[in-house]
Amino acid sequence: MPESHERFSVHEVDPSATEAVLGLESYMRSSGFDRQLYELVKIRASQLNGCAYCLDMHTRDARVGGEDQRRLDVLSAWREAPALFTERERAALAFTEATTLVADGGVPDAVWSKLTSCFTPQEVVHLLMAIATINVWNRLAIATHQALPAR
Numbered sequence: 056m057p058e059s060h061e062r063f064s065v066h067e068v069d070p071s072a073t074e075a076v077l078g079l080e081s082y083m084r085s086s087g088f089d090r091q092l093y094e095l096v097k098i099r100a101s102q103l104n105g106c107a108y109c110l111d112m113h114t115r116d117a118r119v120g121g122e123d124q125r126r127l128d129v130l131s132a133w134r135e136a137p138a139l140f141t142e143r144e145r146a147a148l149a150f151t152e153a154t155t156l157v158a159d160g161g162v163p164d165a166v167w168s169k170l171t172s173c174f175t176p177q178e179v180v181h182l183l184m185a186i187a188t189i190n191v192w193n194r195l196a197i198a199t200h201q202a203l204p205a206r
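Those letters in the sequence shown? Residues 56 to 206, per our numbering, in order.
The following block contains the structure:
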């Protein structure tokens, strides 16, 4: 696969566009949603979408936030390592996958049922907003071939 080059910076072309998405981030920060779970959701959606920029950013953020490297290493296969993830995390990860891949059959009733047994309606809204937000960032980064930052 040939190396891609950044097509352009959405922020440089129209700062208001990124400000709109940053508004979603601001909502999430002020919501009180679990930061560690938010990073897992961002990473899992970014894995599914193949967003290198977001994976680079959010795995670093998760480690800085105290996330265990082993959990990050197996996140893409979380179903095979259920002991490493809480029931709430597993419900959130299943919902993240179904919502990110919504065209593949929507959100199955079993996923929704498990989710709503682990989260309050307000928490479900926060989780849905978290998934929507990272999916917006993924699409912006992938479409424009957003370059990885220097180490």
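Quick reminder that beta carbons are idealized off the backbone N, C-alpha and C, glycines included.
Query                                                                                                                                                          : Result
Quick one: complete alpha helix (DSSP H) runs, 4+ long, within the region 91–145?                                                                              : 107–119 and 124–129
Looking only at its own chain, which residues have a Cβ that is under 8 angstroms from the Cβ of Glu142, when we skip the five neighbours before and after it? : Cys173
Which two residues bound the contiguous alpha helix (DSSP H) that contains Arg84?                                                                              : Pro70 to Ser86
Counting Cβ pairs, one atom from each stretch, are 3 or more of them under 8 angstroms apart for the region 165–185 and the region 126–134?                    : no
Is it buried or exposed for Ala208, if we count other Cβ within 10 angstroms and need 16 for buried?                                                           : For residue 208 there is no data in the structure shown, the boundaries of the chain being 56 and 206.
Would you please state the rounded distance, in angstroms, between the beta carbons of Cys109 and Ala205? I believe it to be under 8 angstroms.                : In fact, because the Cβ distance is near 17 angstroms, the residues do not count as touching under 8 angstroms.
How long is the line joining the alpha carbons of Leu79 and Thr188, rounded to whole angstroms?                                                                : 6 angstroms
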